[in-house]
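Trainee: Okay, here's the structure, questions in a sec.
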Amino acid sequence: MSLHKKQEKKITTHVLFEMKKRAEKISMLTAYDYSMARVVDKAGIDVILVGDSASNVMAGHETTLPITLDQMIYHASSVVRGVARALVVVDLPFGSYQGNSKEALVSAIRIMKESGAHAIKLEGGEEVLESIKRILTAGVPVMGHLGLTPQSIYKFGTYAVRATKNQEAEKLIADSKLLEEAGCFAIVLEKIPAKLAQRVAENLHIPVIGIGAGAGVDGQVLVVHDMLGITNEFSPRFLRRYADLFETIQGAVQNYIADVKASNFPNKKEQY
Ligand code: KIV
């Protein structure tokens, strides 16, 4: 009998690249805490994103801008403790990498060292290229993010679909090439026309993961609280709900309250 435990194959950036080559779709979801990460990982997800959407769904902020590097590291280290197989990617938060590639490198290294995550993600194209290149020099895998980049919401002024006009679409195509050439291992495309996203995916060797970018890309990502129906007031067209946990949890809590009020909980078997 072998003394070595049979280990499940871990997802690496190389595995994702191979998946694209054999046209196997990549599944990705967000998680921000140990318990959710454990469930999502055990379900067999390929990539877990510790997204700065934690600022919205965990902290209740209107945008992703307020979340700090320390807070991202806290979420990421909790997620890493719950994961055995998935690749864990962590968002660099707003203000931790733009316009200063040295600070970008320090931020990325802090995330990798203090959380144990496997890669970082950041938003933007040519404007953040220097930061991407510097982070890559330290051997930290970088995922890009183009299209609707929520950290730029005050520049856009709206969460509407991006790159519907020629000029922005051409810039997005050029940026995706720059990111691939710089050495990014994958790119997220958020809320852009499906045809454009497919064109980008076909142009690149690295995997392209879409959110609101149609089916012609190499994988899909959703915010886990959205697809589970916990954030039940957020209903963009691209979102498919796989559960209605807001209702389920609310119902369970109401049953608990009713049992407590009626002295039905605890019963004889539930006490010492
Ligand atoms: O922060 C996040 O959840 C994201 C996804 C929407 C891709 O960046």
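First residue of the sequence shown? That's 2 in our numbering, and the numbers climb one at a time after it.
C-beta: ideal position from N, C-alpha, C; glycine also.
Is T1 near the ligand KIV, going by C-beta to nearest heavy atom under 8 Å?
Mentor: The question about residue 1 has no answer here: the residues shown for the chain are numbered 2 through 273.
Trainee: Take every Cβ of the region 164 to 171, pair it with every Cβ of the region 215 to 226, and state whether three or more of those distances are shorter than 8 Å.
Mentor: Counting Cβ pairs under 8 Å, fewer than three are found: no touch.
Trainee: Out of M113, E128, N101, state which residue places its alpha-carbon closest to the alpha-carbon of H146.
Mentor: Answer by Cα proximity: E128.
Trainee: Just to confirm the assignment, what range does the alpha helix (DSSP H) spanning I121 have?
Mentor: Counting along the chain, I121 falls outside any alpha helix (DSSP H), though it belongs to the beta strand (DSSP E) covering 120 to 122.
Trainee: By how many angstroms is the C-alpha of H206 removed from the C-alpha of L322?
Mentor: With the chain covering only 2 through 273, there is no way to say anything about residue 322.
Trainee: Is there at least one non-hydrogen atom of the ligand KIV closer than 8 Å to the beta-carbon of I49?
Mentor: No; taking the cut-off as 8 Å, the Cβ of I49 has no heavy atom of the ligand KIV nearer than that.
Trainee: Counting only the same chain and skipping the five closest in sequence on each side, list residues whose C-beta sits under 7 Å from that of V81.
Mentor: Taken in chain order, the residues that qualify are V89, S116, G117, A118.
Trainee: In whole angstroms, give me the CA-to-CA distance for T69 and Q199.
Mentor: Spanning the two alpha carbons is a distance of roughly 33 Å.
Trainee: At a cut-off of 8 Å, is P151 close to the ligand ATP when judged by its beta-carbon and the heavy atoms of the ligand?
Mentor: As far as ligands go, the structure on display features the ligand KIV and does not contain the ligand ATP.
Trainee: Per DSSP, what kind of secondary structure is S28 in: helix, strand or coil?
Mentor: Strand, per DSSP.
Trainee: Relative to the C-alpha of P94, which residue among V254, G125, L240, V84 is closest?
Mentor: Checked all of V254, G125, L240, V84; the closest Cα to P94 is G125.
Trainee: To the nearest angstrom, report how far apart G148 and K10 are at their CA atoms.
Mentor: Looking at the two C-alpha atoms, the distance is approximately 32 Å.
Trainee: If you draw a straight line from the alpha carbon of G96 to that of M73, how long is it in whole angstroms?
Mentor: Each residue's Cα considered, the two are about 13 Å apart.
Trainee: Is the closest heavy atom of the ligand KIV to the C-beta of V224 under 8 Å?
Mentor: Because some heavy atom of the ligand KIV lies under 8 Å away, the Cβ of V224 counts as near it: yes.
Trainee: Tell me which same chain residues have a C-beta within less than 7 Å of the C-beta of S54, skipping the five on either side of it?
Mentor: Closer than 7 Å at Cβ, skipping near neighbours: T31, T65, V224.
Trainee: Look at the alpha carbon of E63 and the alpha carbon of F186, and state the distance between them as a whole number of angstroms.
Mentor: About 30 Å.
Trainee: Can V189 be considered in contact with the ligand KIV, in the sense that its beta carbon sits closer than 8 Å to one or more heavy atoms?
Mentor: True, at least one ligand heavy atom lies under 8 Å from that Cβ.
Trainee: Where do the N-terminal and C-terminal ends of the alpha helix (DSSP H) with L137 fall, by residue?
Mentor: From DSSP, the alpha helix (DSSP H) with L137 extends over 130 to 138.
Trainee: Quick check: what's the CA-CA separation for L17 versus P142?
Mentor: Cα to Cα, the separation comes out at about 12 Å.
Trainee: Quick check on the burial criterion: 16 or more other C-beta atoms within 10 angstroms. Buried or exposed for V261?
Mentor: Result: exposed.
Trainee: If you follow the beta strand (DSSP E) that I188 is part of, which residue opens it and which one closes it?
Mentor: From DSSP, the beta strand (DSSP E) with I188 extends over 187 to 191.
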